[in-house]
Amino acid sequence: MFIHKLYRFFFALVIVSVLLLAYNWHKDYEFDTNPLSQKLEKQIFEKKQQTRQLLRVNFGFDLDVPLLVSEKLPSSLFGAAVFTQDEKIIIYLNKKRFKESSDYMIHHVIPHEYAHAVMFYLKDFSKEQSGHSIKWQNICKKLNGIKCDRFVDNHDIIIGKTSF
445 MFIHKLYRFF
455 FALVIVSVLL
465 LAYNWHKDYE
475 FDTNPLSQKL
485 EKQIFEKKQQ
495 TRQLLRVNFG
505 FDLDVPLLVS
515 EKLPSSLFGA
525 AVFTQDEKII
535 IYLNKKRFKE
545 SSDYMIHHVI
555 PHEYAHAVMF
565 YLKDFSKEQS
575 GHSIKWQNIC
585 KKLNGIKCDR
595 FVDNHDIIIG
605 KTSF
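Per our numbering, the very first residue in the sequence shown carries number 445; after that it's consecutive.
If you want it as structure tokens, here you go:
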């Protein structure tokens, strides 16, 4: 009798596990094969508008940089501000990273990359100002960047994205 109950318990556990696995696979498949949700697109747009307003207030100019969500960025990158050969500035956001934490992407990465875009706009390409300079850090803070550290600690990124 006990063996029969144990068998039923483990059978039910296996069925529930398979269903959860199928559900998670389906969610991943849907995310990978579809564009971001309209809710996320709206949040990105609103953050962009907020950042542009901060640019106007703090720096006296407006910079309308396209924010493109891309699946082609390596997983190690959250985003990238690019200055093209024809002097256009584009910000790419890594779609894969939105799956992990959309809040982190919106509230940390967008101001971070916009600060790089401002450096490009100002044509400040000197060696001293490359990467995460003090000037970049000050711009990032004025754009309400949450973590505008000059040196990125990957441990902070992982811990900052988790909810526990």
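Every residue gets a Cβ at the ideal spot worked out from N, C-alpha and C, and that includes glycine.
Beta-bridge partners of Asn538 (DSSP): Ser514. Closest by C-alpha distance to Ile535, out of Leu517, Val509, Lys516, Ser519, is Val509. Counting along the chain, Phe527 sits inside the beta strand (DSSP E) bounded by residues 523 to 527. Relative to the Cα of Tyr565, the nearest Cα in the group Leu499, Ser481, Ile533, Lys449 belongs to Ile533. Secondary structure note for Cys584: its alpha helix (DSSP H) is the uninterrupted segment 578 to 586. Ranked by Cα distance from His552, the first of Glu515, Leu537, Asp530 is Leu537. Put simply, the stretch 514 to 533 does not touch the stretch 494 to 505. Fewer than three CB pairs are less than 8 Å apart. In this structure, DSSP gives Ile533 an extended state, which the three-state scheme calls strand. For Lys543, the closest alpha carbon among the candidates Ile459, Ala525, Tyr473 is that of Tyr473. Rounded to whole angstroms, the separation of the alpha carbons of Lys571 and Gln529 is 19 Å. In the three-state scheme derived from DSSP, where H, G and I count as helix and E and B as strand, Val509 is classed as coil.
Cβ contact annotation for Asp568 (same chain, cutoff 8 Å, sequence separation greater than five): Lys579, in chain order.
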